[in-house]
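In the order they appear, the protein sequences are chains E and C. Basically my numbering = 1-based index in the first sequence + 2. Basically my numbering = 1-based index in the second sequence + 2.
Protein chains: 2
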Amino acid sequence: MTLDTVEAWDAARLAAWSEPLLAQVESALSRWVGVDSPVQLGEAMRYAVLDGGKRLRPLLVLAANEAVGGDAQAALRAACATELIHAYSLVHDDLPCMDNDILRRGKPTVHVKFGEAGALLAGDALQALAFELLTPGDGSVACAVQARLCRLLAGAAGSQGMAGGQAIDLASVGLALDEAQLRQMHRLKTGALLQGSVEMGAACAEGVAADALAALRDYGAALGLAFQVVDDILDVVADSATLGKTAGKDAENDKPTYVSLLGLDGARARAQGLLAEALAALARSGLADTAALRALAHMVVDRDR
Amino acid sequence: MTLDTVEAWDAARLAAWSEPLLAQVESALSRWVGVDSPVQLGEAMRYAVLDGGKRLRPLLVLAANEAVGGDAQAALRAACATELIHAYSLVHDDLPCMDNDILRRGKPTVHVKFGEAGALLAGDALQALAFELLTPGDGSVACAVQARLCRLLAGAAGSQGMAGGQAIDLASVGLALDEAQLRQMHRLKTGALLQGSVEMGAACAEGVAADALAALRDYGAALGLAFQVVDDILDVVADSATLGKTAGKDAENDKPTYVSLLGLDGARARAQGLLAEALAALARSGLADTAALRALAHMVVDRDR
Chain E
3 MTLDTVEAWD
13 AARLAAWSEP
23 LLAQVESALS
33 RWVGVDSPVQ
43 LGEAMRYAVL
53 DGGKRLRPLL
63 VLAANEAVGG
73 DAQAALRAAC
83 ATELIHAYSL
93 VHDDLPCMDN
103 DILRRGKPTV
113 HVKFGEAGAL
123 LAGDALQALA
133 FELLTPGDGS
143 VACAVQARLC
153 RLLAGAAGSQ
163 GMAGGQAIDL
173 ASVGLALDEA
183 QLRQMHRLKT
193 GALLQGSVEM
203 GAACAEGVAA
213 DALAALRDYG
223 AALGLAFQVV
233 DDILDVVADS
243 ATLGKTAGKD
253 AENDKPTYVS
263 LLGLDGARAR
273 AQGLLAEALA
283 ALARSGLADT
293 AALRALAHMV
303 VDRDR
Chain C
3 MTLDTVEAWD
13 AARLAAWSEP
23 LLAQVESALS
33 RWVGVDSPVQ
43 LGEAMRYAVL
53 DGGKRLRPLL
63 VLAANEAVGG
73 DAQAALRAAC
83 ATELIHAYSL
93 VHDDLPCMDN
103 DILRRGKPTV
113 HVKFGEAGAL
123 LAGDALQALA
133 FELLTPGDGS
143 VACAVQARLC
153 RLLAGAAGSQ
163 GMAGGQAIDL
173 ASVGLALDEA
183 QLRQMHRLKT
193 GALLQGSVEM
203 GAACAEGVAA
213 DALAALRDYG
223 AALGLAFQVV
233 DDILDVVADS
243 ATLGKTAGKD
253 AENDKPTYVS
263 LLGLDGARAR
273 AQGLLAEALA
283 ALARSGLADT
293 AALRALAHMV
303 VDRDR
């Protein structure tokens, strides 16, 4: 057991840290999502967002904000905004014209329950709501922070982030990608929003040193890629009931993955290497309170769903 | 001919005013949209946005900004952002699960050319790009303006704006809406983004009087509704070639419209009434330079496509 492991990864301590924060996030999402929206739209938005998911992105925002000592109100809004972007991407990803999936978080997907048009609109509205949450007009969050958060989220979600990665993914089915191409796809598809979540947490404070911000970006990039490597592993080794979504989809769809490229053992070694990279970045950040970020990195690599 | 008409509505003067501004908008969109985006995504985004459309929303932003004497750089970004939101909504609206339309601006729709998944992602990426354009990190736009613009755009695009209106529209096919219900649907579906464009233009200046802002909102609301009434009229009286999209769709889809509700003459009278409301709002705004806004209101009501 390394020093890092002793210091950072204690599932019980992580749970104790995250539990009250997750309660805040759930309560805020329930207060902010799909309220006063017309007809079934609000219901579909709430169905897509509430009561499900690991909330990894919100936790990354809140842990990074804790590391830099930022504004709690801004961080809570940023945490919810990242989850809305994530949720909208799942809703659209599950549509028949994309992955055509009918099971998500153990429930029927949004389009199965609300129809394709309803799911399309719910996803669209969730993306807009993310930016609405980041820009309260009541003076509770400084304008400079609002602007930074919107910039980071838009970049992470857009054509040079998540949406761009999905486009590469779409164009890659059946192709033999090499590792550099696979990494580039995942760096955008899932990595951009995970890294963006860390950066958004850090953006809730003023005057964070450039070195620390760069180290947090490196942490986010390594963690983002590790997340995808582990996803690829779980798609092979876990069953649908544990995952809460259809397992074995990648092989079935002939999608290139870290497991198809590196083998199961190779992929596991890669995940551990990325964990080490993430922890090293935190160590050189010069930030005092990175325990939660360290624990989250361990959790991402050790998770079983 | 009323004084208003003499003063405000001169197609040649409007063209002279708008031509250099439209050139700026086209050039900015071409510089900002779909550049360095992966694979076909950038191409689909550019196809959806460039070389087409009346650019009414950008012109409303720029005219409102002119009326309040705001920041030109902020207004150009806001103008482009409103057009991106409009363009994304058309891409998603045309999808088979929504209106299933194959012709737009005289060209095959995005999903016909790039596939459904490609169109879905292009729309998603365009929405994110709108917020990216509003939040440059180079100090060229004040943070307070960035935050206001994001807030207004997110509200206009989301579940209590455009997306909400589309959800009502979807739920209304085949229903006998009364005029209040029809107005509420259109107030959100097309009105919110048109009114939002006016408000975003006004948000590019600091210290605009609350009365003036309220009057501009009223102008935007009246103009937004007038736009839809005229759209309903054109769907009946114009042909597809002139419209650049499929005419007669409303009746075919059994959608409630102002023409089905008020008749053709009644709808025309309603459009004139809304024009008068819009002009009256400008007159009470206390703003000196509203000529462009006045001319745009006339253009919206007098247009033939």
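Each residue gets a CB set at the ideal place from its N, CA and C atoms; glycine is no exception. All figures in this text were calculated on a predicted structure; none of them were measured in a lab.
Subject >> Interface partners of E/Ile104 on chain C, CB under 7 angstroms >> reply: Correct list: empty, because the minimum Cβ distance to chain C is about 16 angstroms.
Original post:
What does DSSP give as the partner residues of E/Arg106 in its beta bridges?
Top reply: BP columns for E/Arg106 point to E/Lys109.
**OP:** For C/Ala10, decide whether its Cβ has a neighbour in chain E, counting only Cβ atoms nearer than 8 angstroms.
**Re:** Reliability of the predicted coordinates at C/Ala10 is poor, the pLDDT of 47 falling under 50, and no value is obtained from them.
Subject >> Buried/exposed call for E/Gln274, threshold 16 Cβ in 10 Å >> reply: So E/Gln274 counts as exposed.
**OP:** Rounded to whole angstroms, what's the CA-CA distance from C/Ala10 to C/Gly203? Just pull it up for me.
**Re:** Per-residue confidence for C/Ala10 stands at a pLDDT of 47, beneath the threshold of 50, marking its modelled position as unreliable; the derived number appears in the next sentence. One alpha carbon belongs to C/Ala10, the other to C/Gly203, and they sit about 19 angstroms apart.
Original post:
Counting pairs of Cβ atoms below 8 angstroms between the stretch 141-155 of chain E and the stretch 127-140 of chain C, do you hit three or more?
Top reply: Contact between the stretch 141-155 of chain E and the stretch 127-140 of chain C is present, because at least three Cβ pairs lie under 8 angstroms.
Original post:
Leaving out the 5 sequence neighbours to the left and right, which residues in its chain are closer than 6 angstroms to E/Ser142 when beta-carbon positions are compared?
Top reply: Contacts found: Gln75.
Original post:
Is the CB of E/His300 under 8 angstroms away from at least one CB in chain C?
Top reply: Cβ-Cβ to chain C under 8 angstroms: no for E/His300.
**OP:** Going by CA-CA distance only, name the one from C/Leu295, C/Leu263, C/Thr259 and C/Leu218 that's closest to C/Ser287.
**Re:** Of the candidates C/Leu295, C/Leu263, C/Thr259 and C/Leu218, the one whose C-alpha sits nearest the C-alpha of C/Ser287 is C/Leu218.
Original post:
Can the beta-carbon of C/Ala158 be found closer than 8 angstroms to that of C/Cys82?
Top reply: It is not a contact, given that the beta carbons lie outside the stated cut-off.
**OP:** Kindly list, in the order they appear in chain E, the residues whose Cβ is closer than 7 angstroms to that of C/Val41.
**Re:** Within chain E, the residues whose beta carbon sits less than 7 angstroms from that of C/Val41 are Ala169, Ile170 and Ala173, listed in sequence order.
Original post:
Distance, Cα to Cα, C/Ala224 vs C/Met187?
Top reply: CA-to-CA, the gap between C/Ala224 and C/Met187 works out to about 14 angstroms.
Original post:
Does E/Ser32 come within less than 8 angstroms of chain C when only Cβ atoms are used?
Top reply: No - not a single Cβ of chain C is within 8 angstroms of the one on E/Ser32.
Subject >> Near-chain C residues of the stretch 105-122 of chain E - C-beta to any C-beta below 8 angstroms >> reply: Within the stretch 105-122 of chain E, the qualifying residues are Gly117, Glu118, Ala119, Gly120 and Leu122.
Original post:
CA-CA distance, C/Leu264 and C/Val231?
Top reply: In a straight line, the C-alpha of C/Leu264 is about 10 angstroms away from that of C/Val231.
Subject >> Distance between C/Thr292 and C/Ala280 (C-alpha atoms, nearest Å) >> reply: In a straight line, the C-alpha of C/Ala280 is about 11 angstroms away from that of C/Thr292.
Original post:
Helix, strand or coil: which one does DSSP assign to E/Gly209?
Top reply: Secondary structure at E/Gly209: coil, using DSSP grouped into helix, strand and coil.
Original post:
Candidates E/Val63, E/Leu284, E/Ser174 and E/Ala294: which alpha carbon is nearest E/Val200's?
Top reply: The option with the nearest alpha carbon to E/Val200 is E/Val63.
Subject >> Reduced DSSP secondary structure (H/G/I, E/B, other) of C/Thr292 >> reply: Coil at C/Thr292, not helix or strand.
Original post:
Do you know offhand how far E/Asn67's Cα is from E/Cys206's?
Top reply: Each residue's Cα considered, the two are about 6 angstroms apart.
**OP:** Kindly give me the distance between the Cβ atoms of E/Leu277 and E/Val238, rounded to whole angstroms, as I take these residues to be in contact under 8 angstroms.
**Re:** About 19 angstroms separates the beta carbon of E/Leu277 from that of E/Val238, a gap too long to meet the 8 angstroms contact definition.
Subject >> Assigned exposure category for C/Val37 - 16 Cβ within 10 Å defines buried >> reply: It is exposed - the Cβ of C/Val37 has fewer than 16 other Cβ atoms within 10 Å.
Subject >> Local conformation of C/Gln309 per DSSP, three classes >> reply: Lying outside 3 to 307, the shown extent of chain C, residue 309 of chain C is not represented and no answer is given.
Original post:
Near E/Val321, which residues of its chain fall below 6 angstroms by C-beta distance, leaving aside the five closest residues on each side in sequence?
Top reply: In the structure displayed, chain E extends from 3 to 307; residue 321 of chain E sits before or after that span and is not available.
Original post:
Are the C-beta atoms of E/Glu134 and some chain C residue less than 8 angstroms apart?
Top reply: Look at E/Glu134: its C-beta is under 8 angstroms from a C-beta on chain C.
Original post:
Where does the unbroken alpha helix (DSSP H) through E/Met47 begin, and where does it stop?
Top reply: Val41 to Val51 is the extent of the alpha helix (DSSP H) around E/Met47.
Original post:
Do you know how far the Cα of C/Gly125 is from the Cα of C/Ser91?
Top reply: If I take the Cα positions, the gap works out to 7 angstroms.
Original post:
Would you call C/Asp96 buried or exposed, if buried means 16 or more other Cβ atoms sit within 10 Å of its Cβ?
Top reply: It counts as buried.
Subject >> Closer than 8 angstroms to chain E by CB, C/Asp38 >> reply: So, interface residue.
Subject >> Inter-residue Cα distance where the pair is E/Ala271 and E/Ile104 >> reply: Going from the Cα of E/Ala271 to the Cα of E/Ile104 covers about 32 angstroms.
Original post:
Can you tell me where the alpha helix (DSSP H) with C/Pro60 in it begins and where it stops?
Top reply: Boundaries of the alpha helix (DSSP H) around C/Pro60: Leu58 to Val70.
Original post:
Can you tell me whether DSSP reads C/Lys115 as helix, strand or coil?
Top reply: Annotated three-state conformation of C/Lys115 is helix, per DSSP.
Original post:
Within 8 angstroms (strictly less), CB to CB, does C/Asp126 reach chain E?
Top reply: At least one beta carbon of chain E lies nearer than 8 angstroms to the beta carbon of C/Asp126.
Subject >> Check whether E/Gln129 and C/Ala169 have beta carbons under 8 angstroms apart >> reply: At a Cβ-Cβ threshold of 8 angstroms, E/Gln129 and C/Ala169 do not count as neighbours.
Subject >> Contact check, C/Ala165 vs E/Ala127, beta carbons under 8 angstroms >> reply: With a cutoff of 8 angstroms on beta-carbon distance, C/Ala165 and E/Ala127 are scored as near each other.
Original post:
Do C/Leu284 and C/Val70 come within 8 angstroms of each other at the CB atom, strictly closer than that value?
Top reply: Not closer than 8 angstroms, so no.
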